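S.K.: Structure in structure tokens, see below.
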Amino acid sequence: MKAFLDFRCSVIERRARFKLSQAKDRSHIVEGIIVGLDNLDGVIDRIRKASSHATASADLRKEFNLSEKQAEAIMDINLRRLTLLERNKFVEEGKSLMEQISKLEELLLSKKLIFQKFENDI
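Quick note: the sequence shown, position 101, residue 101 per full-length UniProt numbering, numbers continuous.
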């Protein structure tokens, strides 16, 4: 029985770590997109003036202190997503991701919460 409990707890921990990693990655991207939307004129100007995709990405990273993933995400955005409504959706997504990250980190730090999660899953 103890082996089963240990196994289930390890599964819950692995799943939480995986979800935490995904949430952190997405949060990082969303933060970059919000920076890009807040500086939309500058982003468009740099993309227009760039001689290549790589140059545009490098310029965005340098000018707005973005990671490569964030710069690529900004360059991949469709024009229709540049509205204020879409920006607000990204802000809400960012808040939701931060809450999710907080809960997952709390879960991973507490064996008691892991056991509660196990009980709720049954």
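Note that beta-carbon positions come from the ideal geometry of N, C-alpha and C, so glycine has one too.
Remember, it's a predicted structure, so these values are computed and weren't measured experimentally.
Can you have a look at A54 and say buried or exposed, based on whether 16 or more other CB atoms are within 10 angstroms of its CB?
M.R.: Counting Cβ neighbours within 10 Å, A54 comes out exposed, since fewer than 16 surround it.
S.K.: Report yes if the C-beta distance between L97 and S27 is below 8 angstroms; otherwise report no.
M.R.: Yes.
S.K.: Within its chain, find whatever has a CB closer than 6 angstroms to the CB of L37; leave out the 5 residues flanking it on each side and keep chain order.
M.R.: Correct list, in chain order: R87.
S.K.: Name the residue from G32, I44, Q100 whose alpha carbon lies nearest to the alpha carbon of E68.
M.R.: Closest by alpha carbon: G32.
S.K.: When you compare only the Cα positions, how much space is there between G94 and V30?
M.R.: C-alpha separation (whole angstroms): 6 angstroms.
S.K.: What would DSSP say about I122, mapped onto helix, strand or coil?
M.R.: If DSSP states are grouped into helix, strand and coil, I122 belongs with coil.
S.K.: Grab me the residues of C9's own chain with a C-beta within less than 8 angstroms of its C-beta, minus the 5 sequence neighbours each way, in chain order.
M.R.: Hits under 8 angstroms: K111, I114, F115, F118.
S.K.: Span of the alpha helix (DSSP H) holding I83?
M.R.: According to the sequence as given, residue 83 is Thr; it is not Ile. First-last for T83: undefined, no H or E at that position.
S.K.: The alpha helix (DSSP H) with I77 in it runs from where to where?
M.R.: Taken as a continuous stretch (DSSP letters only), I77 belongs to no alpha helix (DSSP H), as it is neither H nor E.
S.K.: CB-CB under 6 angstroms to F90, same chain, minus the five flanking residues each way: which ones, in chain order?
M.R.: Here the set comprises V30, I33, I34.
S.K.: Is N65 helix, strand or coil by DSSP?
M.R.: The answer is coil: DSSP assigns N65 none of H, G, I, E or B.
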